[in-house]
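A.B. asks: Questions regarding the structure given below will be posed in turn.
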Amino acid sequence: MTISNLKLNEVTGKYIITSELSSDEIIETAKKLLNNRLRRGAIFNSPTQVTDYLEVHLKGLEHEVFYMLYLDNQNRLIDKEILFTGTINAASVYPREIVKSVLKKNASSVILAHNHPSGIAEPSQADKLITTKIQHALNHIDVQVLDHIIIGENTVSFAERGLI
88 MTISNLKLNE
98 VTGKYIITSE
108 LSSDEIIETA
118 KKLLNNRLRR
128 GAIFNSPTQV
138 TDYLEVHLKG
148 LEHEVFYMLY
158 LDNQNRLIDK
168 EILFTGTINA
178 ASVYPREIVK
188 SVLKKNASSV
198 ILAHNHPSGI
208 AEPSQADKLI
218 TTKIQHALNH
228 IDVQVLDHII
238 IGENTVSFAE
248 RGLI
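Quick look at the structure:
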């Protein structure tokens, strides 16, 4: 991976900044590094790895997006994508479209995620209801929902709260 303002120290595996960077350039560089880390086939070793990636991509957006990570039976990443885009406080999510997408990607499990532009990451009743609907829809095709993560000023994991 080549990022013009960074040089990889082959000995330490750490990056050296070779020129001045604005805060926007630092954020874009972080996104590129995380995307490289979460390429197809990447194995999720920890929940922190997933939330770090999602925070960089979803935190601070001015509209809600519903994001999915598609995994194989070894929890290796197959693909990731924004499935639905909404407004400042809601995104319409359709379980039927999720099932179609999961079948197309041949995933055996998924991690759901969405952001709350308000910054308050507490799951709403609507969040809980749609998660249950998605779980039921995917259970029919033997696909497991591993987690639903909400990104706001902080991060809430349904799995960590026992909601999945």
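When we follow our numbering, the leftmost residue of the sequence shown carries the number 88, and every step to the right adds one. A virtual CB, placed ideally from N, CA and C, is assigned to each residue, including glycine. Predicted model, so just to flag it, every value in this text is computed and none were measured.
Beta carbon of I236, beta carbon of V98: below 8 Å?
C.D. replies: Within the sequence shown, residue 236 is the residue found at index 149, counting from 1. Within the sequence shown, residue 98 is the residue found at index 11, counting from 1. No, the Cβ-Cβ distance between I236 and V98 is not below 8 Å.
A.B. asks: Taking only the alpha-carbon atoms, compute the straight-line gap between T89 and E115 and give it to the nearest angstrom.
C.D. replies: Here residue 89 refers to the residue found at position 2 of the sequence shown. Here residue 115 refers to the residue found at position 28 of the sequence shown. Residue placement at T89 is poorly supported in this model, since its pLDDT is 49, which falls under 50; the coordinates are not used for a value here.
A.B. asks: Can you tell which of Q222, V143, G239, D111 has its C-alpha closest to the C-alpha of R183?
C.D. replies: The count along the sequence shown starts at 1 and reaches residue 183 at position 96. Comparing Cα positions, the closest option is Q222.
A.B. asks: Could you give the distance in angstroms between the alpha-carbon of V152 and the alpha-carbon of L158?
C.D. replies: For the purposes of this step, residue 152 is taken as residue 65 along the sequence shown, with counting starting at 1. For the purposes of this step, residue 158 is taken as residue 71 along the sequence shown, with counting starting at 1. Whole-angstrom Cα-Cα distance: 20 Å.
A.B. asks: Whole angstroms are fine: how far does the CA of A200 sit from the CA of A178?
C.D. replies: Counting from one through the sequence shown, the residue named residue 178 turns up at place 91. Counting from one through the sequence shown, the residue named residue 200 turns up at place 113. Their backbone Cα atoms lie some 12 Å apart in a straight line.
A.B. asks: Of all the options D166, I113, S106, F171, which has the alpha carbon lying nearest to the alpha carbon of L195?
C.D. replies: By one-based count along the sequence shown, residue 195 stands at place 108. Leu is not the amino acid found at residue 195; the sequence shown has Ser there. For S195, the nearest C-alpha among the options comes from D166.
A.B. asks: Report the three-state DSSP secondary structure of L141 (helix, strand or coil).
C.D. replies: One-based indexing of the sequence shown puts residue 141 at position 54. Three-state DSSP puts L141 in a helix.
A.B. asks: Assign L250 to one of three DSSP states: helix, strand, or coil.
C.D. replies: Here the question's residue 250 lines up with position 163 in the sequence shown. Reduced to three states, the DSSP call for L250 is coil.
A.B. asks: In whole angstroms, what separates the C-alpha of K187 from that of S133?
C.D. replies: As a first step, residue 187 must be located in the sequence shown, where it is residue number 100. As a first step, residue 133 must be located in the sequence shown, where it is residue number 46. Near 28 Å, if we compare the C-alpha coordinates of S133 and K187.
A.B. asks: Span of the beta strand (DSSP E) holding A200?
C.D. replies: The residue labelled residue 200 in the question sits at position 113 within the sequence shown. Unbroken beta strand (DSSP E) run through A200: 196-202.
A.B. asks: Given a threshold of 16 other Cβ atoms within 10 Å of its Cβ, counted over all protein chains shown, does H144 qualify as buried or as exposed?
C.D. replies: Residue numbering aside, residue 144 sits at position 57 when the sequence shown is read from its first letter. When all chains shown are included, H144 counts as buried.
A.B. asks: Grouping DSSP H, G and I as helix and E and B as strand, with all else coil, what is H223?
C.D. replies: By 1-based counting over the sequence shown, the position of residue 223 is 136. Helix, per DSSP.
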